[in-house]
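See structure below.
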């Protein structure tokens, strides 16, 4: 086995080993959580790299067309790293090793000063390059990242404001019309698919009322509003239902009954004593649902032709530009696991019982 082949096998074994170690160690402690982050990223890249090999179609034919001469097809396949110098297809282990080495090179170049890039590129492995444009995947993905980040943050803000607000109103008016309306909202917006809600919003607010642009991101903040509402309402509905259930459970606790017995107003009991404790588990759900926001961005950005990472992922799946697809998936997986890690930290800060348990 060649040196490169041994490195590729080692990388695959390292990925599998991190998954097994994470499953055995669990999630207790900072190092265990960091290990789980590495394991999730390795697992995501392993699965995606394997599934991309099952995607029908030929990247070479997609680029050159089916009428290209065989010599050009063979040369391009070798240039893209799909076959070796003898024309034999590159195996899964070798392709995965090349992917990991390319990610490592991209990470080093991303944090290194631009003045040192020329020297580093001579010593580092080759970066992931787009099949179609032959540009670094790092540059392609980062060019779209700010738009998707802005869209996701605005969608999360809508969800974090609207969801708990509806949940509190429903719990405070349990059994009333207000409760029924709030929960009807939650059911409808959880059930309605984004690919149907998006065009409906475009027809109503962009075409009919002309309040917002139909598509794209060229109009500044107004271009983000409709996609963010489309993306954030599903999460808001989930948070509303969970917040209502959590708040009703807290309102039935003994300390809440004691506060009422002391003559405190219902508003003070609700907002000062009950709501803070009720929102602690809601925080966890919001963090876990951040991955759903990122996944939903693929459909939402396609519907609104919003030039973010989600649309980039969709377009390059259709184009069979596998390195760009891998880069987009890795970015989404990284954002997801980091959001979950941050949620764990905030959960411990927000819940004094966890801090007391760790102190003991």
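Numbering (my numbering), first residue to last: 447 to 806. Ideal Cβ positions, reconstructed from N, Cα and C, are used throughout, including at glycine. Being a predicted model, the structure only gives us computed values, none of them experimental.
(1) Mind reading off the beta-carbon distance from residue 773 to residue 574? Whole number of angstroms is fine, and I expect it under 8 Å.
(2) Near residue 731, which residues of its chain fall below 6 Å by C-beta distance, leaving aside the five closest residues on each side in sequence?
(3) Using a threshold of 7 Å, state whether the C-beta atoms of residue 660 and residue 648 are closer than that.
(4) Which residue spans inside the segment 512-538 form an unbroken alpha helix (DSSP H) run of at least 4?
(5) For the candidate residues 791, 707, 787, 776, whose alpha-carbon lies nearest to that of residue 550?
(6) Between the segment 676-685 and the segment 632-646, can you find at least three pairs of beta-carbon atoms closer than 8 Å?
(7) Give me the Cα-Cα distance between residue 705 and residue 695, rounded to the nearest whole angstrom.
(8) Any idea what DSSP makes of residue 582, helix, strand or coil?
(9) I believe residue 545 touches residue 491 by the beta-carbon criterion, under 8 Å. Please report the beta-carbon distance rounded to the nearest angstrom.
(10) Do the CB positions of residue 742 and residue 640 come within less than 7 Å of each other?
(11) Taking the alpha helix (DSSP H) that residue 635 belongs to, which residues open and close that run?
(12) Using 8 Å for Cβ pairs, my map puts residue 789 next to residue 733. What's the rounded Cβ distance?
(13) Starting from the N-terminal side, write out each stretch of the alpha helix (DSSP H) that is 4 residues or longer and does not extend beyond the segment 710-781.
(14) Comparing C-alpha positions only, which one of 791, 787, 783 sits nearest to residue 487?
(15) If we count the other Cβ atoms within 10 Å of its Cβ and call it buried at 16 or more, is residue 803 buried or exposed?
(16) In the DSSP output, which residue or residues are listed as bridge partners for residue 575?
(17) What number of angstroms, rounded off, separates the C-alpha of residue 625 from the C-alpha of residue 691?
(18) Does the beta-carbon distance from residue 750 to residue 673 come in below 7 Å?
(19) Using a Cβ-Cβ cut-off of 8 Å (strictly less than) and excluding sequence neighbours within five positions of residue 805, which residues of its own chain qualify?
(20) Alpha helix (DSSP H) containing residue 662: first to last residue?
(21) Please list the terminal residues of the continuous alpha helix (DSSP H) segment that includes residue 700.
(22) Please report how far the alpha carbon of residue 528 lies from the alpha carbon of residue 514, in whole angstroms.
(23) Classify residue 579 as buried or exposed, calling it buried when 16 or more other Cβ atoms lie within 10 Å of its own Cβ.
(24) Count the other C-beta atoms from every protein chain shown that fall within 10 angstroms of the C-beta of residue 610, then say buried if there are 16 or more, exposed otherwise.
(25) What number of angstroms, rounded off, separates the C-alpha of residue 771 from the C-alpha of residue 762?
(26) For residue 501, does the three-state DSSP call read helix, strand or coil?
Short version:
(1) 6 Å
(2) 688
(3) yes
(4) 516-525
(5) 776
(6) yes
(7) 15 Å
(8) strand
(9) 7 Å
(10) yes
(11) 623-637
(12) 3 Å
(13) 721-734, 736-749, 755-765
(14) 783
(15) Low local confidence applies: a pLDDT of 49 at residue 803 is under 50, so the model's placement there is unreliable, and no value is given.
(16) 582
(17) 12 Å
(18) yes
(19) Confidence is the limiting factor: at residue 805 the pLDDT is only 47, short of 50, which leaves the residue's position unreliable and the question unanswerable from this model.
(20) Careful: residue 662 lies outside any alpha helix (DSSP H) and carries neither H nor E.
(21) 700-707
(22) 17 Å
(23) exposed
(24) buried
(25) 6 Å
(26) coil
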